[in-house]
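The opening position of the sequence shown corresponds to residue 35 in the numbering used here, with each subsequent residue numbered one higher. What follows is a set of notes on a single structure, which appears directly below.
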Amino acid sequence: QRDLCALQVKLYDGARSAWAGYTAVNEMRAAVTRAVGTGETPALAAAAKRLDSALALVGGANAAGGRAGVRPNATAPSGVPPAPAFATLVRTFDTQLGTQDNGDMAPSEPARRIFATACADLSSAAARWRDLNGKPLAEFNASLTAAGGTAIPAAPALSGVPSCTLLPGVAASGPATHH
Numbered sequence: 035q036r037d038l039c040a041l042q043v044k045l046y047d048g049a050r051s052a053w054a055g056y057t058a059v060n061e062m063r064a065a066v067t068r069a070v071g072t073g074e075t076p077a078l079a080a081a082a083k084r085l086d087s088a089l090a091l092v093g094g095a096n097a098a099g100g101r102a103g104v105r106p107n108a109t110a111p112s113g114v115p116p117a118p119a120f121a122t123l124v125r126t127f128d129t130q131l132g133t134q135d136n137g138d139m140a141p142s143e144p145a146r147r148i149f150a151t152a153c154a155d156l157s158s159a160a161a162r163w164r165d166l167n168g169k170p171l172a173e174f175n176a177s178l179t180a181a182g183g184t185a186i187p188a189a190p191a192l193s194g195v196p197s198c199t200l201l202p203g204v205a206a207s208g209p210a211t212h213h
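Laid out in structure tokens, this is it:
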């Protein structure tokens, strides 16, 4: 029972963190759109497109939609597995939480592995979000201020990402795989 409760708490924390990341990415995308407005120069338009494309990859498609088993990162290059996106992770954590919520036994080995992979994916998405708030945002802001706009402030780092310490019974494995 204790293992099940610990897993449920981590799944809940993962879903909350993924939702916070998804929301923050969408807020920044909206800020970029507002900042560019109608006075865009070719350089600003190109900078906005670069930043927005990177934001779309880390945010993912609508966190409430998508087809089962399909990662909604349509902007990922063909033949390349998409990097983890916050929208996908919201669904992953929510689905697993729903599955575990009806249990009254210790989590199965597959459930533990799913958590470990999703948690590693969330850590990866959070790191990519943090990185986008660095140089890519600074490059966009340079183009924006050169065009007479006001720079967009960096977003705070994502908080509440659960510890990916594996639960008992799961051996540490290599890097997470993306399906």
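The beta-carbon is built from N, C-alpha and C at its ideal position, and this holds for glycine as well. Owing to the predicted nature of the structure, the values given are computational and were not obtained by experimental measurement.
Coarse secondary structure for residue i, derived from DSSP in three states
i	result
Cys-39	helix
Val-124	helix
Thr-184	coil
Ser-157	helix
Asn-136	coil
Glu-74	coil
Ser-51	helix
Val-66	helix
Gly-94	coil
Ser-193	coil
Val-104	Residue placement at Val-104 is poorly supported in this model, since its pLDDT is 33, which falls under 50; the coordinates still yield a value, given next. Val-104: coil per DSSP, three-state reduction.
Thr-151	helix
Asn-167	coil
Gly-99	Only weak support is given to the placement of Gly-99: the predicted model assigns it a pLDDT of 44, under 50, and the value that follows is read from those uncertain coordinates. Residue state, collapsed to three classes: coil.
8 Å contact criterion, which residue i and residue j should meet: CB distance rounded
i	j	result
Leu-178	Ala-172	In fact, because the Cβ distance is near 10 Å, the residues do not count as touching under 8 Å.
Thr-75	Ala-181	5 Å
Ala-152	Thr-126	5 Å
Met-139	Leu-45	Wrong, their Cβ atoms sit about 16 Å apart, outside the cutoff.
Beta-carbon gap between residue i and residue j smaller than 7 Å
i	j	result
Phe-25	Gly-55	For residue 25 there is no data in the structure shown, the boundaries of the chain being 35 and 213.
Val-92	Arg-164	no
Leu-123	Asp-86	no
Leu-78	Pro-141	no
Leu-166	Ala-52	no
Ala-189	Ala-64	no
Gln-130	Ile-148	yes
Ala-160	Leu-192	yes
Arg-50	Gly-194	yes
Given residue i as reference, the closest of the options once Cα atoms are compared
i	options	result
Ala-222	Leu-192, Asn-136, Pro-170, Ser-157	Nothing about residue 222 can be read from this structure; the chain reaches only from 35 to 213.
Ser-197	Cys-39, Leu-78, Gly-48	Gly-48
Ser-158	Ala-117, Ala-95, Lys-83	Ala-117
Ala-90	Asn-60, Gly-194, Arg-36	Asn-60
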